[in-house]
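Have a look at the structure below, then the notes.
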Amino acid sequence: MVDSPEIGIPYLYKGLITWAFFWAFLDAFTIGANDVANAFANAVGARTISFRTAVSIACVCELVGVIALGSTVTDAVRKKMVKVDWFKHDPYVLALGMSCVNLGSGGWVFIATTLSMPVSTTHSVVGAILGIGIATWGASGVNWGYDGGFGGVVASWFISPILSGVLAAIFYLSTKFLVLKHPDDVAVRRGIALLPVYFFFAFGVVAGFMVMKGIPALKKTPYKVTVPVTFGIAIFFGIVGYIFCVPWTRRAICIFPGFFMDIGGLKEEDAAMHAKAFQAYSKTEEMFKMLQLTTCCFFSISHGANDMANAVAPFATVWMVYSTGTVSSKADVPMWLLVYGGLALDVGLLTMGYYIMDALGNRLTLQSPSRGFCIELGAMFTVMTFSRLGVPVSTTHCISGATTAVGLCNGDVGAVNWKLVGVIFGGWLLTCPCAGIVTGLLYWAIAAAPSPVAGNGFFSGYHG
């Protein structure tokens, strides 16, 4: 293959870098509207916090994750679906492709968000990169295998929601039969007595999640370090829960009666669905609010630290090519780019986050603090486990699967909105092909278009 004469020449195609800057904003914007929103949807649906409070907390947590814990180095081609070395002969073609990835991925997630479909932004980026690879090299230019390839992504569509649902159901059924189904006063006493156990599991899963998934710098830490640290943190917070939170909760429940779900304002079909769900004593549910909010916050911090790369990695690659004129397997991520992506993400959550919070809140099944807490635990444990094993999974898929499974724990299939489940699953299946087709066609149309020659035709003012 003949090397392009542009290799090693930086700062070419200023128009490309300008448009890439805007497309990166679009991609980060839609991640905020879709991905971040699903982390807080259960808390809002359970009335643990209001929508405004959720947006405020999420904006802060995401920025903390992006700035304090975000990776400053990323893969030039996310998820390694296409070999970056294949573009070393023409680096600006790679820059064009990654710019199209931001536009194609962000455009699809924007459409899905307006349709209230919680989709995987990771898989949207993967699909967009597949489109670039196929448009450039054909089917042979894509890693279709399971280990690090597209086969693993397809498997995760089914594995992650099922496993997450099973774990969330186990957590919730244990809570339901040990605490919630007992008479009111007995349920409160049992819940308070088990608070240290819940603290142990909650902070143990959170600690493991942050070490294995949320903080990029710690992902390769050996098990002999992560396992003892995780258990140590879990035991510490279990003791804290016993010493401080048990007496505080006992007093708080006596003073503040709290409230349970209010289905006023819901659509008629949603109200009928909620009527089929088990509803526990309100004071018992109050105990789970703090635990649910804690898991939501750490979920959000982890998302900012880890998944923001879905938006900034393609633009970081464009910037790498623009500033050096060369291709590398790793691309430096400037701090200003992390901040830029974090702000775009917050804007997306603020302006369009209600679409997904509404869909995954009370429209899918009845939510409550205890349900939301178990859903978050099941999803986080699944993501943590598979991330450590190197299997690509989506937090969106895990949350959706866990929410559906907990809804089934009511013992009535009518307690789940199956029409919405179908819409959500359809969005999962469409994400990769739609993002890939749009991105591939856009990239191919631009890359294969006629290139004007200086001094000829229209660009010289000569039309004869």
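According to the working numbering, the sequence shown is numbered sequentially starting from -3.
Beta carbons are placed, not taken as given, at the ideal position from N, Cα and C, and that holds for glycine.
As the structure is a prediction and not an experimental result, all values here were calculated from the model.
Identified DSSP bridge partners for residue i
i	result
Thr521	This structure leaves residue 521 out entirely; the chain is present only between -3 and 460.
Neighbourhood of residue i by C-beta distance below 7 Å, restricted to the same chain and skipping five residues each side
i	result
Ala441	none
His178	Arg186
Ala230	Phe196, Phe199, Gly200 and Ala203
Gly443	Residue identity differs from the one stated: residue 443 is Ala in this sequence, not Gly. Val89 and Leu92, listed in sequence order.
Tyr458	Since pLDDT at Tyr458 reaches only 46, below the 50 mark, its modelled position is unreliable, and no value is offered.
Thr378	Ser156, Leu159, Ser160, Leu163, Val389 and Cys394
Gly461	The structure shown does not extend to residue 461, since the chain is modelled only from -3 through 460, so no value can be given for it.
Val175	Ala183, Arg186, Gly187, Leu190 and Thr280
Same chain, Cβ closer than 6 Å to residue i, five either side skipped, listed in chain order
i	result
Ile371	Asn38, Ala164, Ala398, Thr399 and Val402
Gly460	Because Gly460 sits at a pLDDT of 44, beneath the cut-off of 50, its placement in the model cannot be relied upon, and the following sentence gives the value as read from the coordinates. Hits under 6 Å: none found.
Trp15	none
Ile27	Thr117, Ala307 and Leu341
Gly368	Asn38, Ala39, Ala42 and Gln288
Closest residue to residue i among the options (Cα-Cα distance)
i	options	result
Phe294	Ala29, Ile27, Glu58 and Ile128	Glu58
Ser46	Gly423, Pro365, Asn413 and Met376	Pro365
Ile239	Met376, Pro310 and Val193	Val193
Cys241	Tyr219, Lys285 and Lys172	Lys285
Ala124	Pro429, Ala444 and Pro446	Pro429
Met380	Cys55, Tyr7, Ser160 and Ala24	Ser160
Asn98	Pro330, Val343, Val329 and Val314	Val314
Val78	Gly127, Phe382, Pro446 and Ile53	Gly127
Ile297	Ile158, Val207 and Arg359	Val207
Ala24	Trp104, Gly237 and Leu8	Trp104
Phe18	Glu281, Arg359, Met94 and Trp424	Met94
Residue i to residue j span [Cα, whole Å]
i	j	result
Val201	Cys292	12 Å
Leu373	Phe197	8 Å
Gln288	Ser120	28 Å
Gly432	Val221	40 Å
Lys10	Ala309	19 Å
Ile235	Gly228	11 Å
Val417	Val184	33 Å
Ala131	Val409	44 Å
Val412	Gly422	17 Å
Ile3	Ala312	18 Å
Phe21	Val335	11 Å
Val419	Asn406	22 Å
Val329	Pro87	18 Å
Leu345	Ile53	11 Å
Pro218	Met376	20 Å
Val472	Ile107	Residue 472 is absent from the model: the chain starts at -3 and stops at 460.
Phe255	Val56	Summary for Phe255: the model assigns pLDDT 36, below 50, so the residue's position carries little reliability, and this model does not support an answer.
Any non-hydrogen atom of the ligand SAH within 7 Å of residue i CB
i	result
Leu176	Questions concerning the ligand SAH fall outside what the structure shown contains, since it holds no ligand whatsoever.
Same chain, Cβ closer than 8 Å to residue i, five either side skipped, listed in chain order
i	result
Ile352	Ala29, Asn30, Ala33, Asn34, Ala37, Thr109, Ser112 and Pro114
Cβ pair residue i, residue j closer than 8 Å
i	j	result
Gly338	Val62	yes
Met283	Leu191	yes
Phe83	Val323	yes
Gly321	Ile5	yes
Thr245	Ile155	no
Gly141	Gly134	no
Gly100	Thr392	no
Val149	Val122	yes
Ile13	Tyr439	no
Met316	Ala327	yes
Chain B within 8 Å of residue i, Cβ atoms only
i	result
Ile130	This model lacks chain B altogether; it includes just one protein chain.
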